[in-house]
Amino acid sequence: MKHFSFVLNSRIIRMESIRVDKVLPLTSNWQTATQSYNKSRWEIIRPRLFFLLFLFLISYNAVCHFSNVSRDDSDFSEFFPVSPSRNSDACPQVGPLKPSNHSQLASELDALYSTDTIKLAAYVILGSAVQIPTESYDDLAPVGQDPRWGVFSMLHQFLESTFPTTYATLNVTRVNTYGLVFHWQGSDPSIKPVLMTAHQDVVPVDPSTVDQWLHPPFSGTWIWGRGSCDDKSDLIAVQRIAIDAMIKQGFSPRRTFVLAFGIDEEASGLEGAGHLAQYLESTYGTDGFAMLLDEGGNTPFGPDVIFAMPSLSEKGYFDARIEISAPGGHSSVPPAHTAIGMLSSMLVAIEANPHVPELARSGTAFAMTQCTASYAPEYPNYLRQLAQEAVHNDAALERLKEGLLASYPLYTAILSTTQAVDLIQGGVKVNALPERVSAVVNHRIAEHSSVKELQKHLIDTVLPIAIKYDLSVDAFGTNISAGSGGAGHVVLSDSWGTALEPSPVTPAGLHDPYQLLAGTIKATLMSSATYNASGVVVAPMLSLGNTDTQFYWNLTKHIFRYTHGRDTDQYNGLHTINEGE
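Under the numbering used here, the first residue of the sequence shown is numbered 23, with each subsequent residue one higher.
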């Protein structure tokens with residue numbers, strides 16, 4: 023999935039260093055910042071990102087050094103595209119962050135992750151984990167009522183036998199039997215802990231497609247198979263290997279770290295993250311964590327500049343069911359419009375009336391656009407100019423929106439609530455009039471919209487057709503004046519009760535934890551042995567899909583969805599045949 027987000031326009035001042043306690047809270051009371059501030063393969067990059075984050079977050083007196091970044095006060099339209107070594111007011115960038123207090127440990131771990139030994143260990147461990155088919159199905163009954171959950175016990179046995187040091191050092195709590203929480207207790211309980219999450223489950227493999235895989239989906243011989251990209255690579259190769267290495271180096275944290283691993287992210291999330299969220303909130307309290315890092319985002323490599331894109335928000339979700347009940351009878355004496363015909367008219371009307379795209383200056387899409395317009399060498403020049411003008415000019419903002427929609431079709435999904443007619447059911451026999459028909463329309467709700475606004479849009483679209491065909495209407499639990507009901511009755515409802523509002527947007531100000539993540543991402547990528555770009559730009563993004571973080575909104579205001587990875591690292595994408603790296 024693709025994601026987009028945005029850093030508010032802010033000025034960056036040259037600086038030599040900044041304390042981490044200006045970015046992350048040291049206690050439950052947020053401390054006000056007083057100072058402004060300016061691949062190798064996955065098995066190396068991802069663990070290095072995690073252990074660098076650990077080093078930065080461990081101690082409140084850790085000091086991070088920024089690379090000096092000069093800011094030109096001239097009209098930056100003359101300098102499009104801006105070099106990542108400079109700075110744009112439209113998309114200010116923090117420099118790469120390198121640990122000071124723990125620099126020796128960072129060097130030792132960096133050297134460790136460059137060895138063939140650790141690479142081979144990562145291959146073997148991930149491959150072994152992939153061999154355990156922890157598939158999560160949409161029709162799974164609750165834990166304890168469905169034997170298919172039992173496969174997670176096999177994964178737990180593997181984890182415990184593979185990482186005995188981690189299990190001996192961290193406190194392990196099992197939530198709802200198969201959810202896992204690891205507590206790495208810090209020495210200072212007054213400092214807010216950091217939460218890092220992943221999921222143990224994988225998308226099921228359709229048995230009819232197994233022969234289409236180049237390597238069996240659960241073979242694990244190569245970095246190949248279900249879970250190799252989503253999400254056992256994070257679960258195993260990143261969080262567990264990084265922590266295990268730090269423990270073996272004799273390191274113990276000052277700040278508490280918590281790892282939480284769900285079991286059904288690829289389904290509803292209710293049995294896994296749903297229970298984990300309740301446990302974590304009861305244990306650490308509302309807003310009890312300094313920040314949360316989960317899967318998501320990506321690192322697309324341009325021809326010259328690397329854009330690393332952590333997701334700071336997610337679209338909402340709504341499955342609308344439209345069901346029509348109508349009199350039956352023999353099809354030799356049909357009415358002018360059958361239930362299927364009337365439902366079809368409604369579906370055509372829905373597709374003919376899509377939601378209007380909106381590009382708001384306060385939204386993620388606008389910020390992402392400012393970043394790409396500022397730094398991407400291949401960005402169209404006319405869109406660069408519009409992006410600059412759109413900061414203050416409403417007419418330019420509208421032209422920018424239209425230009426983005428015309429040039430990049432993906433922006434339709436980014437800027438608007440999407441709708442897809444995915445399910446339809448009706449009719450039992452060719453000579454019998456259908457008495458009950460239904461369809462389900464999947465919606466991903468735009469950041470600027472809401473469930474209520476979506477429901478109103480559906481009612482406004484369907485109601486004229488119901489009146490035309492003399493159908494009575496029940497819309498989301500409310501009877502609405504329409505037809506008399508002589509031809510039947512239509513019900514609009516939340517199909518499975520899974521409505522979800524768009525997520526809160528993680529702040530990305532100069533004194534927010536976002537800057538710590540951004541600087542660490544830069545340091546990790548730029549210190550890679552294979553780094554050959556002219557620079558790295560970190561641009562927040564919007565997630566078009568949903569992750570387990572939907573259950574964790576009460577735990578922290580600083581939720582990040584990011585995994586080092588690029589499309590070229592994947593053989594055939596996620597959730598499909600030949601998932602592999």
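For glycine and all other residues, C-beta sits at the position ideal for the given N, C-alpha and C.
Is it buried or exposed, THR585, if we count other Cβ atoms within 10 angstroms and call 16 or more buried?
Answer is buried; the Cβ neighbour count reaches 16.
Could you check whether ASP286 and ALA295 sit closer than 9 Å to each other, using their CB atoms as the reference points?
A contact, by the Cβ cut-off of 9 Å.
Please confirm if GLY166 has its CB atom under 9 Å from at least one CB of chain D.
Although the question refers to chain D, the structure presented lacks it and comprises just one protein chain.
State the start and end residues of the unbroken alpha helix (DSSP H) segment that holds LEU432.
It spans 432–437 - the alpha helix (DSSP H) in which LEU432 sits, taken as one unbroken run.
Evaluate TRP206 with the Cβ neighbour count: other Cβ atoms within 10 Å of its Cβ, from every protein chain shown; 16 or more gives buried, anything less gives exposed.
Within 10 angstroms of the beta-carbon of TRP206 lie 16 or more other beta-carbons, which makes it buried.
Just curious, the beta strand (DSSP E) that ALA461 is in, first and last residue?
Counting along the chain, the beta strand (DSSP E) containing ALA461 begins and ends at 458–467.
Quick one: what's got a C-beta closer than 6 Å to ALA151's C-beta in the same chain, skipping five residues either side?
Setting aside the 5 residues that flank it on each side, ALA151 is surrounded in the same chain by LYS254, ILE258, each with a C-beta closer than 6 Å to its C-beta; the list follows chain order.
Contact belief for LEU202 with PHE283 at Cβ below 8 Å, rounded distance in angstroms
Contact holds; Cβ gap of about 4 Å.
By the DSSP assignment, the beta strand (DSSP E) with LEU514 in it spans what residues?
Its beta strand (DSSP E) spans residues 510–516.
Residues that GLY329 bridges to, as DSSP identifies them
Checking the sequence, you will find Phe at residue 329 rather than Gly. Partner(s): VAL559.
How should LEU445 be labelled, buried or exposed, when 16 other C-beta atoms within 10 angstroms of its C-beta is the threshold for buried?
Around the beta carbon of LEU445, a 10 Å sphere encloses fewer than 16 other beta carbons of the protein chains shown; the residue is thus reported as exposed.
Separation of LEU131 from SER62, as counted between CA atoms:
For SER62, the predicted model reports a pLDDT of 39, less than 50, meaning its position is unreliable; a value from the coordinates is still stated below. Put simply, the backbone Cα of SER62 is about 16 Å away from that of LEU131.
Residue range of the beta strand (DSSP E) that includes ASP316
From DSSP, the beta strand (DSSP E) with ASP316 extends over 313–316.
Starting from VAL203, follow the beta strand (DSSP E) in both directions and report where the run begins and ends.
For VAL203, the enclosing beta strand (DSSP E) has its first and last residue at 201–206.
Who are MET218's beta bridge partners in DSSP?
Note: MET218 sits in a beta bridge opposite LEU281, LEU315.
Beta-carbon separation of ARG466 and GLY557 under 9 Å?
Their beta carbons are not under 9 Å apart, which means ARG466 does not touch GLY557 by this criterion.
Cβ neighbour criterion (16 or more within 10 Å) applied to LYS214
That one is buried.
What are the residues that DSSP puts in a beta bridge with CYS393?
CYS393 pairs with nothing; no bridge assigned.
Measure the C-alpha to C-alpha separation of ASN193 and PHE204 and round it to an integer number of angstroms.
Cα to Cα, the separation comes out at about 6 Å.
Proximal residues to VAL452 (C-beta, below 8 Å), its chain only, five neighbours per side dropped:
Within the same chain, VAL452 has close Cβ partners SER353.
Specify, as a first and last residue, the run of the beta strand (DSSP E) that ARG108 falls within.
No beta strand (DSSP E) holds ARG108; DSSP gives it neither H nor E.
If we ignore side chains and look at the alpha-carbon of each, how far apart do THR598 and LEU432 end up?
Any answer about THR598 is weak, because its pLDDT of 45 lies below 50 and its placement is not dependable; what the coordinates show is given next. In a straight line, the C-alpha of THR598 is about 20 Å away from that of LEU432.
Beta carbon of THR546, beta carbon of LEU314: below 9 Å?
Not closer than 9 Å, so no.
Would you report the Cα separation of LYS120 and VAL225, rounded to the nearest angstrom?
Just so you know, the alpha carbons of LYS120 and VAL225 end up roughly 37 Å apart.
Mind checking GLN179: buried by the 16 CB within 10 Å criterion, or exposed?
So GLN179 ends up on the exposed side.
Apart from the five residues just before and just after PRO211, which ones in its own chain have a Cβ nearer than 8 Å to its Cβ?
Shown here for PRO211: same chain residues with a beta carbon closer than 8 Å to its own, the five before and five after excluded, namely THR278 in chain order.
Which listed residue (VAL413, GLN300, SER396, GLY291) has its alpha carbon closest to that of ARG406:
Ranking VAL413, GLN300, SER396, GLY291 by CA distance to the CA of ARG406 puts SER396 first.
Top-ranked residue by Cα proximity to GLY222, from ALA133, ASP168, LEU177
Looking at the sequence itself, residue 222 is Gln, so the reference to Gly does not match. Answer by Cα proximity: LEU177.
Residue burial classification, LYS270 (beta-carbon count within 10 angstroms, cutoff 16):
In this structure LYS270 is exposed. Its beta-carbon is surrounded by fewer than 16 other beta-carbon atoms within 10 angstroms.
Does DSSP classify VAL450 as helix, strand or coil?
Residue state, collapsed to three classes: coil.
So what does GLU345 bridge to, in DSSP terms?
DSSP lists SER460, VAL513 as partners of GLU345.
In three-state DSSP terms, what is ALA521?
Correct three-state label for ALA521: coil.
Identify whether ASP496 lies in helix, strand or coil by the three-state DSSP scheme.
When secondary structure is reduced to three states using DSSP, ASP496 falls in the strand class.
Compute the beta-carbon to beta-carbon distance between VAL165 and TYR200, rounded to the nearest angstrom, for a pair I have assumed lies under 8 Å.
Going by Cβ atoms, the distance from VAL165 to TYR200 rounds to 6 Å, so yes, they are a contact pair.
Does the structure place the stretch 490–510 close enough to the stretch 373–389 that three or more beta carbon pairs sit under 8 Å?
Segments in contact, no.
Just checking my contact of ILE140 with LEU134 at CB under 8 Å: how many whole Å lie between their CB atoms?
Between ILE140 and LEU134, the beta carbon gap of about 6 Å places them in contact (Cβ cut-off 8 Å).
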